[in-house]
Each structure stands twice: as C-alpha cells, then as structure tokens.
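Residue numbers (the numbering used here): 33 to 421. Cβ coordinates follow ideal geometry from the N, Cα and C atoms, glycine included. Everything on this sheet refers to the single structure shown next.
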C-alpha cells in the first residue's frame, strides 16, 4: 500500500516521500524569485496554511482517494475498520468520557502522512490546473507541496485570486479549511487577494519550510537567522561547551552534530556574498573561543584556535553541501521542478548591467565556465564536491 500511494504522487508533492526533501522545494522557490528579479517578469505566490490539516481531513475523502489511487479494496476496508473503532477520552471531573473520532488521520501511525497526501492529491486533481501557473519549458507550474505546506504560483494577480478561491472550495469538500490569518501572499508589486471576502496579508518575506523567502534579494536576513539558530543551540549546551573539564573531542562532536546543522539549514540553496560568508565565519570563531576558553584579548590566531578545536569549517561545509546538491541535481534520474527551473530561460529580456549574485555564480567562478552541468556529469561525486572547497 505504501508503494502504491507513493507512485500516485506527482513531482509537486515532496512531503514524506522517498528521495525528496525540503531543500528541493526551497531551491525551486528561490530560483523562481531570483529569475523574476533578474529578468523582470511578474510572479505571484500564495503560501497556504490549513487549520489543523491532519486532524481535519474527512475520512471519506481518504478512503475514496486510496481506492482511486489503486490501493487494494481489502486494505481500504481494513483501514476503515481501524478508524471506525478509533476514539478519544476526555476527563470530566472523575469520569472519563469517550469521544468517537470521525475525521483526521491517526497521529504517530507511519501510514498517516501517505493517507493525507493521497487525499490532498485528489483535491488537486479536481482543480484541473494544467493550463494555470508559470510556463516552465512547456509545462505549467501552479503549486508546490510539502505535505500540507502549499505554495500557489501564478503569472498575474487575477490568476492567483482564482487559484486561491478554487483551492479553498476544493479543500472544503475534503474537510480542510484555509487559515486566513496565517496564509500570506508575496509579489514584487502590490496585489489584493481575498479569501471569503477578506484580504490576505501581502508580505515581503515569509518563512517557508524553515527558510526566509524574500521578494527582494537580501541574503543577510537568512544568514542572520541561521547564525541566531546556531547560537540558540550553543547556549542550550553552553555549560557543557564552555567547561574546561570536558574533552574537546566531545565538544567537537556536539558542535558538528547539533550546532553546524542549525547554522547551515538550507545552505544548498544559498547565493551567498563574501560578506555573508564572513558573518558565518566570525560567528563560528566566537563559538570556538568559548569552547577553547580564550578571549579576544588573549590574541590567539585563528589558525591556533582551529588547531585546538579541529571543528569543521562552516563556510567550507556550506560550499561542499551546495556542490553536492548541484551534482545530484544534474545526475538525478528523475527530473523535478527545481531542476527544470534551473535549466529554464525566461522569454523576457534581462536589462543591462551586472545582475545580483545568482545561485550558479559559485560554479561559474570556480570552473571558469557557465556550463557547470557538463562538468558535474563528467566528475565523480567526491571529486566534484572537492572543487567547491
């Protein structure tokens, strides 16, 4: 059943799927905004938020979706039987009152995310949006999904309004309700999108799948968020990391496994500047000084400090992860939206002048050519990643 439901999902859905990650959708959205800025074309987005999506979806919608997507009828009946007997209890005084559960998927069950995705996919099939959204090399992109995290994509304000209205109506039939307060729109120009007659807030920046997505290019905001996230983890384990009695190898393991991932989440999608990389390096050195028990006035060199801590360098690790992601993009057997968007050339003309830093600039600078994909196909994964360090 798990395999059957997996095969029924389109490339727009990346949530709870094998060989899919948040990085792919983050890359797709970032590339769209980057190209929109560079080639000066309009793009309108709506970040949809459902109210308690996994607890609200109708069970009938789940069973119908499972049957339509090829799950054996006996397995569907078995699931129905399990859900029919599901109940919860609430404490009223000294008595426990049972409550029959009639909607939602069971939390903690490994098949629950797949069932939710199946129901959501049937909702999108009803919409028939084959001719909506941006034309990316002959195929339309109208939405990206990571489970219930949905972004709608349109070429105009009017089209986005239609997408939101149709999405709302189709969602209601499955028991899902869009939360207007948490749903946001984003566009380079002013847009007035309504939901139930009330305006949806338009924002210049939105936290999508854990990363700050912005209409205007400002890498410092996301870099600042990553540094703050790293410091939050560092302070959580501050007494351990700053203790002189703790061996450095244990501190190093904690840093590499907990703090470094927090600082570098989504780094595969970054189009970083020299200033942004410097901020990351400075933050790491501050942490290293605390771990080594030295201060600035001690005038220890960076080389001495790294010799003591032996930590992974944050900027080198970020580069290696980005180059690894690029290699996998180029050599993947299945073409996904982030790969298609990267290869897409907008029909509009780029204005004169030097463009802002782009995602591909790191590869072009290191390799001396814009055709980095050819090099990625020729190089082995390990040797390719070493080129970026």
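From which residue to which residue does the beta strand (DSSP E) around residue 176 run?
Position 144 of the chain shown, counted from the start, is the residue given in the question as residue 176. 175-178 is the extent of the beta strand (DSSP E) around residue 176.
Can you tell me whether DSSP reads residue 199 as helix, strand or coil?
Start at 1 with the first residue of the chain shown, and residue 199 comes out as number 167. Here residue 199 sits in helix by DSSP.
In the DSSP assignment, what are the bridge partners of residue 69?
Translated into the one-based positions of the chain shown, residue 69 becomes position 37. The secondary-structure analysis by DSSP pairs residue 69 with nothing; it has no beta-bridge partner.
Would you kindly check if the distance between the Cβ of residue 206 and the Cβ of residue 151 is under 7 Å?
What you label residue 151 is simply residue 119 of the chain shown in a count that begins at 1. What you label residue 206 is simply residue 174 of the chain shown in a count that begins at 1. Yes, these two residues count as a Cβ contact at 7 Å.
Give the DSSP-derived three-state secondary structure of residue 77 in the structure shown.
As a working note, residue 77 is residue 45 in the chain shown. Reduced to three states, the DSSP call for residue 77 is strand.
For residue 349, name the three-state secondary structure that DSSP assigns.
Indexing the chain shown from 1 puts residue 349 at position 317. Of the three classes helix, strand and coil, the one that applies to residue 349 here is helix, per DSSP.
Under DSSP, the alpha helix (DSSP H) around residue 403 begins and ends at which residues?
By 1-based counting over the chain shown, the position of residue 403 is 371. For residue 403, no alpha helix (DSSP H) encloses it, and the DSSP letter there is neither H nor E.
May I ask you to list the residues that DSSP assigns as paired with residue 301?
Here residue 301 corresponds to residue number 269 of the chain shown, with the count starting at 1. Partner(s): none; residue 301 has no beta bridge.
Taking the continuous beta strand (DSSP E) assigned at residue 216, which residues delimit it?
As a working note, residue 216 is residue 184 in the chain shown. Segment 216-219, the beta strand (DSSP E) holding residue 216.
Pull up the distance between the alpha-carbon of residue 43 and that of residue 368, whole angstroms please.
Numbered from 1 along the chain shown, position 11 holds the residue referred to as residue 43. Numbered from 1 along the chain shown, position 336 holds the residue referred to as residue 368. Approximately 6 Å, taken between the alpha carbons.
Pair within 7 Å by beta-carbon distance, residue 107 and residue 33
Position 75 of the chain shown holds residue 107. Position 1 of the chain shown holds residue 33. Against a cut-off of 7 Å, the Cβ pair of residue 33 and residue 107 comes out as a contact.
Look at the Cβ atom of residue 378, then the Cβ atom of residue 48, and state whether they are nearer than 7 Å.
Taking the chain shown and counting its residues from 1, the one referred to as residue 378 is at position 346. Taking the chain shown and counting its residues from 1, the one referred to as residue 48 is at position 16. No.
Check each candidate in 333, 223, 319 and 149 and name the one with the smallest Cα separation from residue 39.
Here residue 39 corresponds to residue number 7 of the chain shown, with the count starting at 1. Measuring from the Cα of residue 39, the nearest candidate turns out to be 149.
Find out if the Cβ-Cβ distance for the pair residue 56, residue 370 is shorter than 7 Å.
Position 24 of the chain shown, counted from the start, is the residue given in the question as residue 56. Position 338 of the chain shown, counted from the start, is the residue given in the question as residue 370. Yes, the pair counts as a contact, with Cβ atoms nearer than the cut-off.
Starting from the Cα of residue 270, find the closest Cα among 388, 58 and 286 and give me that residue.
In the chain shown, residue 270 corresponds to position 238, counting from 1. Among 388, 58 and 286, the Cα nearest to that of residue 270 belongs to 286.
May I have a chain-ordered list of the alpha helix (DSSP H) segments no shorter than 4 residues that lie completely inside the stretch 309-376?
Within the stretch 309-376, the complete alpha helix (DSSP H) runs of at least 4 residues are 334-341, 346-363 and 369-375.
Spatial distance of residue 209 from residue 77 (CA atoms)
Sequence index remark: in the chain shown, residue 209 carries index 177 (1-based). Sequence index remark: in the chain shown, residue 77 carries index 45 (1-based). Residue 209 and residue 77 have their C-alpha atoms some 19 Å from each other.
Could you give the C-beta distance for residue 255 and residue 311, rounded to a whole number, given that I count them as a contact under 8 Å?
Residue numbering aside, residue 255 sits at position 223 when the chain shown is read from its first letter. Residue numbering aside, residue 311 sits at position 279 when the chain shown is read from its first letter. Residue 255 to residue 311, Cβ: 6 Å. Contact.
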